[in-house]
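Residue 324 in the UniProt record's numbering is what sits at position 324 of the sequence shown, and the numbering runs on without skipping anything.
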Amino acid sequence: MQHEQVFTYGAPQLKFGAGASDEIGYDLSVTGARTVLVVTDPGVAATGGPQRVADQMAQFGVVATVFDGSHVEPTDESLAAAVAWARENGPFDAFVAVGGGSSIDTAKAINLLTSNDGELMDYVNAPVGGGRAPEHPLKPLIAVPTTTGTGSESTTICVLDVLSQKVKTGISHARLRPTSAVIDPELTLTQPPGVTAAAGMDILCHALESYTARPYTSYERKQPHERVPYCGSNPIADMWSEKALHLLAGAFRRAVRDGDDRAARTDMAMAATFAGMGFGNAGVHVPHANAYPIAGQVKDFRPEGYPQDEPMVPHGMAVALTAPEAFRFTYEAAPERHLRVAQILDRDAPATDEPADQLPSVLVALMRDIGIPAGIGAVGYDESDVPSLVDGTMKQQRLLATAPRPVTEDDVAAILTRSIHLW
Ligand SMILES: NC(=O)c1ccc[n+]([C@@H]2O[C@H](COP(=O)([O-])OP(=O)(O)OC[C@H]3O[C@@H](n4cnc5c(N)ncnc54)[C@H](O)[C@@H]3O)[C@@H](O)[C@H]2O)c1
């Protein structure tokens, strides 16, 4: 086999800092945009942030309409309804997403399906959907995250639940990447502690998974048309991931404990952005693959800080719940990398008897401190659920292919079983 020698790096334009969201009207006006759709969800709309962003566009002659119907953790139904609304009320010259990953991903779907014909499921990754690639370029999309988590503002993916198949999947194409990301830490101050904790675990796992991902040089050499956004760990993604971990080490517990700690909120926002730039190019693996069925097959768990009308395991929490055991499993593929990240996250952590336990032990200590449930058992799963969760994980071959060692059904079953009670 001829080994890969090429890696790629993509990122949107970026504006970062307190007050950055006040400049969106000006930024849009110079692109010639005159009609803009601001996409958000009801919880974020209630903070007043999206309306403020919409209002300041008027002075630049930009007419903004606010759509606050994004579903928290989008579904095929919610996205189809949002697209139908936008097709009926448009056309729009540009889109601005103000919210967490749920609002940003909803805006990506609206942008895709108002710039291209066909229906949502045509574009959803195969085999769940048709895996169709957009033929036409999309309109400008400015992503303005109000959570510190997903990194969706810099990625090429839109994540959704396909309700009829009880599976979480995505639409993935380079054209989905927002044209610019405006990260204003002031907009993140109102995040409830439960959202800060779950979304923050998403940042942490993005950084850890992309840092421990299979190296890009271990793949077979690709032809130009075969290149995908996720190319495995590489020197540029590593740099972003390491820096994100340093920021998390100093800020994560503080941001959950005191939401008004502006310095901690700013560092969390920077960590989310940096980790997004890392994982958006390197990829993620086992914890994210497990998260899809853990969220998709939800029973009756209703987390604090999230809408209470439907059961859900929020994405970041679903990722976190098997992370300690997943990294115990991947340890042998790259011991030095696992030990290094444990050291960055907590340089004072006592050494464990087995080196493979070091990162799991640092993660469990953090999860306990910030109020993440004590395993998949605490969100309603027991041993009888393991086979159907394994089935769901094994469907995420795109992610499992980025793991640093081969992952069998038995491996996944062992990771899930050990994650029922983490402490
Ligand atoms: N596209 C990607 O690259 C990507 C990556 C990871 C996750 N995701 C997806 O993103 C979604 C999760 O996004 P998230 O974790 O950012 O949270 P979210 O967008 O689902 O929001 C979570 C809750 O927090 C509230 N909220 C958000 N910001 C707030 C603020 N500043 N003040 C008060 N309340 C606020 C929302 O109203 C909601 O109730 C999932 O669907 C997940 O699958 C996408």
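Every residue, glycine too, gets a C-beta built ideally from N, C-alpha and C.
Collapsed DSSP secondary structure at residue i in the structure displayed
i      : result
Thr402 : coil
Glu332 : helix
Val286 : helix
Val63  : strand
His71  : coil
Thr47  : coil
Val144 : strand
Gly180 : According to the sequence provided, residue 180 is Ser. The question's Gly does not apply to it. Here Ser180 sits in strand by DSSP.
Cys231 : coil
Ala97  : strand
Phe301 : coil
Glu354 : coil
Leu321 : coil
Pro185 : helix
Gln308 : coil
Leu138 : coil
Pro215 : strand
Trp240 : helix
Pro42  : helix
Trp85  : helix
Gln56  : coil
Ala197 : helix
Ile294 : helix
Val30  : coil
Gln397 : helix
Residue i CB to nearest heavy atom of ligand 1 below 6 Å
i      : result
Glu73  : yes
Ile142 : no
Ala291 : no
Thr188 : yes
Ile370 : no
Ser210 : no
Ala86  : no
Ser152 : yes
Tyr306 : yes
Gly43  : yes
Val195 : yes
Gln165 : no
Thr148 : no
Ser102 : yes
Asp309 : no
Ala237 : no
Ala199 : yes
His315 : yes
Thr179 : no
Reference residue i, options the options, closest by Cα
i      : options                           : result
Leu248 : Pro215, Leu204, Ala291 and Asp238 : Leu204
Ile294 : Gly43, Ile142, Ala413 and His71   : Ala413
Ala333 : Leu345, Pro404, Arg265 and Ala320 : Pro404
Pro192 : Pro178, Ala174 and Thr146         : Thr146
Met367 : Arg257, Pro50 and Asp385          : Arg257
Gly375 : Pro335, Thr417, His173 and Ala45  : Thr417
Glu77  : Pro42, Asp93 and Val124           : Val124
Met1   : Tyr219, Pro91 and Val39           : Tyr219
Ala18  : Ile183, Thr352, Gly377 and Pro303 : Ile183
Pro74  : Ser388, Tyr211 and Val162         : Val162
Thr8   : Gly259, Pro235, Ala378 and His338 : Pro235
His285 : Ala320, Gly377, Glu153 and Ile372 : Ala320
Tyr211 : Pro314, Ala11, Ile372 and Gly283  : Gly283
Gln297 : Thr190, Thr47 and Asp391          : Asp391
Residues bridged to residue i (per DSSP)
i           : result
Thr35       : Val63
Ala414      : Bridge partners of Ala414: none, in fact.
Lys168      : Asp161
Glu220      : His3
residue 473 : No answer is possible for residue 473: it lies beyond the span of the chain, which begins at 1 and ends at 423.
Close beta carbons around residue i, own chain, < 6 Å, minus the five adjacent residues each side
i      : result
Ala289 : Thr393, Gln396, Leu399 and Leu400
Phe274 : Trp240, Lys243 and Ala244
Ile415 : Thr322, Glu325, Ala326 and Phe329
Pro307 : Val72
Arg340 : none
Arg347 : none
Residues near residue i in its chain [Cβ-Cβ closer than 7 Å; skip 5 each side]
i      : result
Leu79  : Thr106, Ala109, Leu120 and Leu160
Gly149 : Gly100, Gly101, Ala199, Gly200, Asp202, Ile203, Ala272 and Gly316
Arg87  : Thr114
Asp300 : Pro311 and Gly380
Ala54  : Val38, Ala64 and Val66
Gly25  : Gln56, Met57, Gln59, Phe60 and Val62
Own chain, CB closer than 8 Å to residue i, minus 5 neighbours either side, in chain order
i      : result
Ile344 : Glu242, Leu245, His246 and Ala249
Gly61  : Ser29 and Arg34
Val83  : Ala109, Ile110, Leu113, Thr114 and Leu120
7 Å Cβ cutoff, residue i in contact with chain B
i      : result
His225 : Considering every chain present, this structure includes no chain B. It has just one protein chain.
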